[in-house]
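In the order they appear, the protein sequences are chains S and E.
Position one of the first sequence corresponds to residue 4 (our numbering), numbered consecutively onward.
Position one of the second sequence corresponds to residue 4 (our numbering), numbered consecutively onward.
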Amino acid sequence: MNNHNSRSLIKRLALRTMLGALILPVIAVGAEPGAAAEDQSADWAPPGGRIGYVFWDEVSWGIRETPTKEECPEGFNIGPREQFAELFPKDGKKRTLMETQLMREAQVWFPDTKPDTFEFHEVASKYALGVDLDGKDSSEDFVSDDGRTGIDNQLFRVVGCIRNYRREGELGIINTKWRQQNPFNRVTFELTDVDSLKNDPEVTVSYYRTLDTLLAGPTGNYLPGGTQRVDARWGKRFMASTKGRIVDGVLETEPFEQLLVPEWALSDPAYNIFKDARLRLTLSPEGAEGVLAGFIDIEQWYYAMNTSWATHHAAYGQASAASMYKALMRLADAYPDPETGENTAISGAMDIKLTQVYVIHPENEEQTLAASH
Amino acid sequence: MTRSSTIRGLLALGLAAAPMLSIAAAQSPWPDSPSMEQEKYEPVPMPSGFQVVVSEQEGPVFADARGHTLYQWPVRQLRNGPVGERKSQPSCDDTKYTVNSGLMSPYPGGFELPEVETRPSCLDVWPAVLAEDDATPVDKWTIAERKDGTRQWVYDGYALYTSVLDDAPGEVNGAISGTTGEVGARRPVQVPSMVPPQFRVETLLVGRILTTDTGQMVYASEQDAPDESRCDAACLEKWAPILAPAYVTARGDFSAIERAPGIRQWTFRKQPLYTYIGEPMYKMYGSDEPGWDNVYVQYTPKPPAAFTVQESPTGLVLADKNGMTVYRYNCVDDALDQLACDYPEAPQAYRFTVCGGGDVERCLESFPYVEAEEGANSDSQLWSVMWIDPMTGKRAMPDQAGALRVWAYRERPIYTHFRDKAPGDMRGDTWGEFYGYRNGYKAFWLRSDFGRRLP
């Protein structure tokens with residue numbers, strides 16, 4: 004059955020979703036109702052060894068912000084508006100559109116790696132969010148707050164001192180909004196073969212673009228117990244799978260060869276490519292949170308940013324595309340181009356939150372419909 | 004670990020099938036033999052010298068005595084100020100602007116425009132539709148006094164112009180009726196469609212599509228007979244007949260049938276009409292059901308045979324013969340009169356900026372023209388073949404050395420994009436200033452399942 008052919012499921016699935024939300028706490032406590040609610044460390048296995056988590060909050064591009072902004076000792080970067088004003092001051096000199104605005108836009112769409120005219124403030128920090136992606140602990144690596152070493156997150160150095168990417172920035176507000184509201188951005192991880200959500204040496208982690216709206220809570224949160232149907236038509240290219248293990252309630256996966264993370268923000272569709280992508284998520288029956296880390300394809304990341312954020316909107320958050328590109332290439336740390344030797348990917352992490360859902364596969368949609376009657 | 008066999012099977016199928024499926028062209032949103040019927044429109048009183056012409060894309064539009072489409076330029080607020088005309092206050096004049104206005108944040112104004120020596124005035128490209136001395140208002144048609152003392156026709160409050168880009172009746176090359184983004188664009192003046200108040204007609208690249216007044220897509224079943232619904236109880240689980248008020252009488256293409264005592268259902272050209280239960284606004288999921296089709300009050304002509312339709316992560320997109328997504332280029336300059344720069348006769352400096360960083364050679368690599376085979380042609384007003392000098396981007400003579408024969412849509416060349424590697428890729432979409440509307444590229448979307456509105 005074509006997944007779009009089941010739109011009449013929606014109302015029934017909504018009922019089922021509401022029912023799921025109601026019964027989830029009961030499911031979560033398993034055979035001893037009330038026990039898990041009191042003891043969060045209690046072990047639990049999802050029914051059928053299967054649990055889904057839909058991505059609803061893109062907290063940041065792996066930025067570890069401190070209240071004192073100590074990670075940005077040189078301050079924040081200036082953006083397109085300030086750079087333009089420095090380059091072309093109001094000094095009465097006649098200039099052409101070609102040598103001003105169009106020159107600047109040319110640098111946005113065809114950036115280079117020549118030394119930046121403007122000082123670029125990278126993050127300087129010992130600590131970062133993320134995962135050890137390469138199994139090495141080198142000088143440019145970070146330490147996590149829980150003491151893990153070898154954390155690879157060079158993207159943090161690039162975007163950490165740009166307002167747009169911090170909590171105060173527009174991106175943090177709008178990207179999260181569109182992550183929640185735009186169905187193009189809906190992606191779901193499904194764990195199968197789960198014998199315990201606390202400790203399981205091998206689980207399967209699958210990734211899908213899914214089709215349904217989130218189950219909104221009353222306080223801006225999103226509730227567990229919803230359903231998400233797999234997008235088996237338009238979403239084929241998003242499908243991926245890997246293995247993982249759960250230790251003390253934390254899922255760590257083997258690398259996905261590649262994950263495409265859709266990102267429709269202010270305009271039309273784009274996606275980011277995470278190579279050797281890994282999840283590190285703290286799991287609960289109701290949700291998960293942690294990081295999606297990987298080596299991020301720079302070209303795709305850069306153009307996804309530019310097609311999602313016009314210079315006007317980037318200027319709100321002082322994000323200068325041309326300056327960022329130079330920093331991205333300077334700090335790139337993986338996937339060297341076979342011809343030039345230049346790295347084409349940069350380590351990074353997305354700080355994410357997910358909520359529990361039931362994943363409906365195309366072959367099960369009819370059964371789900373029947374069950375919902 | 005057998006519990007995961009199903010999911011692994013699905014993944015394997017999906018991953019293995021994805022490339023194979025994507026190479027094949029997707030099902031075209033145009034029927035094999037689209038209806039040639041044209042959209043019906045409301046009778047609107049007009050002064051002498053005006054007429055209605057049914058265009059291929061925009062449907063019925065007002066035109067002058069020559070059949071040239073009429074346009075308006077309603078005021079709108081851009082980021083740094085308003086642009087366009089207020090009601091009955093025509094401002095398009097013979098001023099030759101030399102600098103940009105700074106209406107487009109974050110860039111300030113005051114910089115000299117490209118090709119400033121030959122830049123036309125607003126009136127050069129948008130001739131005002133002037134009224135004779137003895138002309139008198141008719142219904143919504145009124146007359147405004149211009150600053151130079153001439154009198155200009157106005158419709159529904161806004162002054163009327165024609166476009167120098169239109170030659171023949173039915174051409175709408177001056178502007179489009181769809182989304183134009185952050186620019187002060189002109190609009191063709193469309194004639195109200197003859198649809199009951201429960202319906203609307205929207206312009207898609209596929210044609211003029213019928214929706215409900217709440218934005219739901221309208222469908223017809225191939226199982227129904229003329230003026231007879233065969234949608235039984237099982238069918239009604241998925242499909243909701245669009246109910247008509249008891250007092251409805253047949254008008255234009257619309258009528259009603261009585262599907263049960265006292266229950267009337269709208270029909271269009273004798274086809275009973277439905278919505279797809281649970282379908283969100285502006286989505287076309289119902290058209291995936293075998294035997295069910297969206298309802299178009301008129302189709303645009305099919306694209307020439309050199310084009311294909313592909314499935315992307317967003318929906319259906321037009322592609323070239325190799326399956327590569329096709330893009331249109333949009334451009335409006337930022338002078339106060341907001342003149343278009345998206346056609347070959349306009350300055351090409353804008354396009355060269357976003358397609359090559361100012362480098363013409365790089366532009367030809369990153370957004371190559373869709374070349375037309377020798378003898379290729381189109382009998383549609385929307386599609387044409389033109390000769391282009393690739394080094395200037397301007398029109399060329401057919402025998403000019405190095406000239407390319409390229410496909411054009413509404414007299415503008417179309418392109419593919421160098422970062423698209425496989426059918427369904429759409430990495431050039433929204434490339435350029437202000438999401439591809441101000442100075443950039445937009446994919447040729449035919450259906451979007453994920454946007455907030457129609458593509």
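From the three backbone atoms N, C-alpha and C, an ideal C-beta is built for every residue, glycine too.
Just checking my contact of residue 299 of chain E with residue 222 of chain E at CB under 8 Å: how many whole Å lie between their CB atoms? Wrong, their Cβ atoms sit about 11 Å apart, outside the cutoff.
Please work out which residues of its chain come closer than 6 Å, Cβ to Cβ, to residue 234 of chain E, disregarding the five sequence neighbours upstream and downstream, and give them in chain order. 242
Applying the criterion that 16 or more other CB atoms from any shown protein chain within 10 Å of the CB defines a buried residue, is residue 307 of chain S buried or exposed? Result: buried.
Suppose the cutoff is 8 Å on Cβ atoms and the five residues either side in sequence are ignored; what does the same chain contact list for residue 178 of chain E look like? 74, 166, 188, 189, 190, 191, 343
Looking at the structure shown, is residue 83 of chain E part of a helix, part of a strand, or coil, going by DSSP? coil
Is there a Cβ of chain E sitting closer than 7 Å to that of residue 49 of chain S, yes or no? no
Select from E:105, E:149, E:176, E:132 the residue whose C-alpha is nearest the C-alpha of residue 58 of chain E. E:176
Quick check on the DSSP output: the alpha helix (DSSP H) that includes residue 2 of chain E runs from which residue to which? Since the first residue shown for chain E is 4 and the last is 458, residue 2 of chain E is missing from the structure and cannot be characterised.
What residue does the alpha helix (DSSP H) around residue 176 of chain S start on, and which one ends it? 173-184
With DSSP run on the structure shown, which of helix, strand or coil describes residue 127 of chain E? helix
Taking the beta strand (DSSP E) that residue 65 of chain E falls in, what are its first and last residues? 62-67
Beta-carbon neighbours of residue 315 of chain S, restricted to chain E and to distances below 7 Å: 82, 108, 109, 437
Tell me which residue opens and which closes the beta strand (DSSP E) that residue 296 of chain S is part of. Element bounds for residue 296 of chain S: 290-300.
Simplified DSSP assignment, three categories, for residue 187 of chain S: Of the three classes helix, strand and coil, the one that applies to residue 187 of chain S here is helix, per DSSP.
Taking the alpha carbon of residue 276 of chain S as the point to measure from, which residue in S:349, S:207, S:127 has its own alpha carbon closest? S:349
Residue environment, residue 118 of chain E, which counts as buried when at least 16 other CB atoms sit within 10 Å: Label assigned to residue 118 of chain E: exposed.
If contacts are defined as beta-carbon pairs under 8 Å, then residue 320 of chain E and residue 429 of chain E qualify, I think. What distance do you get, rounded to the angstrom? Confirmed, Cβ separation roughly 6 Å.
Name the chain S residues that come within less than 8 Å of residue 3 of chain E, Cβ to Cβ? A question about residue 3 of chain E goes unanswered here, because the residues of chain E that appear run from 4 up to 458.
Name the two residues that bound the continuous beta strand (DSSP E) containing residue 389 of chain E. 386-391
If contacts are defined as beta-carbon pairs under 8 Å, then residue 145 of chain S and residue 128 of chain S qualify, I think. What distance do you get, rounded to the angstrom? 7 Å
As a quick exercise: from E:107, E:61, E:78, E:53, pick the residue whose alpha carbon is nearest that of residue 67 of chain E. E:53
Rank E:38, E:356, E:452 by C-alpha distance to the C-alpha of residue 291 of chain E and give the top, closest one. E:452
Starting from residue 187 of chain S, find everything on chain A with Cβ-Cβ shorter than 7 Å and list it in chain order. The chain labelled as chain A is not found among the protein chains of the depicted structure, namely S and E.
Own chain partners of residue 72 of chain E with C-beta closer than 6 Å, once the 5 adjacent residues on each side are dropped: 64, 66, 169, 175, 191
Name the one or two DSSP bridge partners that residue 208 of chain S has. Paired residue(s): S:194, S:245.
Could you tell me how far apart the beta carbons of residue 351 of chain S and residue 296 of chain S are, in whole angstroms, since I believe they sit closer than 8 Å? 7 Å
Could you tell me the alpha carbon to alpha carbon distance between residue 198 of chain E and residue 183 of chain S, rounded to whole angstroms? 36 Å
What residues of chain E sit near residue 100 of chain S, judged by a beta carbon separation below 7 Å? 103, 114, 115, 116, 117
Should residue 133 of chain S and residue 167 of chain S be called a contact, given that it needs their Cβ atoms to be closer than 7 Å? no
Could you give the first and the last residue of the continuous alpha helix (DSSP H) run that contains residue 332 of chain S? Going by DSSP, residue 332 of chain S is part of the alpha helix (DSSP H) stretching over 324-334.
Which residue marks the beginning of the beta strand (DSSP E) containing residue 224 of chain E, and which one marks its end? Segment 222-224, the beta strand (DSSP E) holding residue 224 of chain E.
Return the chain-ordered ranges of every beta strand (DSSP E) run that is complete within the stretch 225-252 of chain E and spans a minimum of 3 residues. When DSSP assignments are scanned along the stretch 225-252 of chain E, the uninterrupted stretches of beta strand (DSSP E) that are 3 or more residues long and fall wholly within it turn out to be 242-244.
In chain S, which residues lie with their C-beta within 9 Å of the C-beta of residue 314 of chain E? Identification of chain S residues near residue 314 of chain E by a Cβ-Cβ cut-off of 9 Å yields 236, 237, 239, ordered along the chain.
Going along the chain, which residues of its own chain have a beta-carbon closer than 7 Å to the beta-carbon of residue 183 of chain E, five neighbours each way excluded? 440
For the pair the stretch 236-247 of chain S and the stretch 201-214 of chain S, tell me if three or more CB-CB distances fall below 8 Å. yes
Considering only their Cβ atoms, is the gap separating residue 191 of chain S from residue 55 of chain S smaller than 7 Å? Going by C-beta atoms, residue 55 of chain S is nearer than 7 Å to residue 191 of chain S.
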